[in-house]
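Here's the structure, in structure tokens; my notes come after.
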Amino acid sequence: MSSSRQLTPETLDGLDHALIAALSASPELTNKALASRLGVAESTCAYRRRRLRDAGTIGPPRLDLDHAQLGYSLQAVITVYMSSHSREAVDQFLDSMVTTAHVLQVVHLTGRADFMLTVAVRSAEELKNFVLDHITVHPAIRNTETHIVFDSRRGTWIPEAP
Numbered sequence: 032m033s034s035s036r037q038l039t040p041e042t043l044d045g046l047d048h049a050l051i052a053a054l055s056a057s058p059e060l061t062n063k064a065l066a067s068r069l070g071v072a073e074s075t076c077a078y079r080r081r082r083l084r085d086a087g088t089i090g091p092p093r094l095d096l097d098h099a100q101l102g103y104s105l106q107a108v109i110t111v112y113m114s115s116h117s118r119e120a121v122d123q124f125l126d127s128m129v130t131t132a133h134v135l136q137v138v139h140l141t142g143r144a145d146f147m148l149t150v151a152v153r154s155a156e157e158l159k160n161f162v163l164d165h166i167t168v169h170p171a172i173r174n175t176e177t178h179i180v181f182d183s184r185r186g187t188w189i190p191e192a193p
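Here my numbering runs 31 ahead of the position in the sequence shown, where the first position is 1.
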């Protein structure tokens, strides 16, 4: 976070929330289009957007890929169980997974499972090889469970202004 002042729910006003909602629906909006939509000056939008980005409230727009159209039609959720929960083992596994090909998301959990990975691969064989070549090779990994994804949809919830 590059801002010296962290934003809190109390410091965000109606315009900030309107800007977040508009960018959530259309992240590619220019400051000019955003200003027109919100009825404020373009410089105000630019300042508010930069302030929200600098504080880490919003990030840069990301490309949303359709992995199936790129040949990776099989998605799976892999739950990972560790035998060692040292900070070093957890950080090593997490750091290695976020930079591994095919990994779409890594979540560190509480409860029985320690991690949940979402991956996209071309085939069941490629999925098996991914688990064997990239997950179970870590010495701290005790067990895995692999679940094939039938369907996935993103939520659309955006917090409203208080």
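Built from N, CA and C at the ideal position, the CB exists for glycine as well.
Leucine 158 to histidine 165, Cα distance in whole Å? 10 Å
Nonlocal neighbours in the same chain, by C-beta distance under 8 Å from histidine 139, ignoring five residues either side: Val121, Leu125, Asp145 and Phe146
Quick check: the Cα distance between arginine 93 and isoleucine 172, rounded to an integer number of angstroms? 31 Å
Measure the beta-carbon distance from glutamine 106 to threonine 149 and round it to whole angstroms, keeping in mind my assumption that it falls under 8 Å. 7 Å
Between the CA atoms of alanine 56 and serine 33 - distance to the nearest angstrom: Any reading at serine 33 must be qualified, since the residue scores a pLDDT of 44, below 50, and its modelled position is unreliable; the value itself is stated next. Each residue's alpha carbon lies about 25 Å from the other.
Taking only runs that begin and end inside the segment 124 to 182, name each unbroken beta strand (DSSP E) of 3 or more residues, in chain order. 134 to 139, 146 to 152 and 172 to 179
Using three-state DSSP, classify glutamine 106 as helix, strand or coil. strand
With DSSP run on the structure shown, which of helix, strand or coil describes valine 71? coil
Using a 10 Å radius around the Cβ and a threshold of 16 neighbouring Cβ atoms, would you call valine 137 buried or exposed? buried
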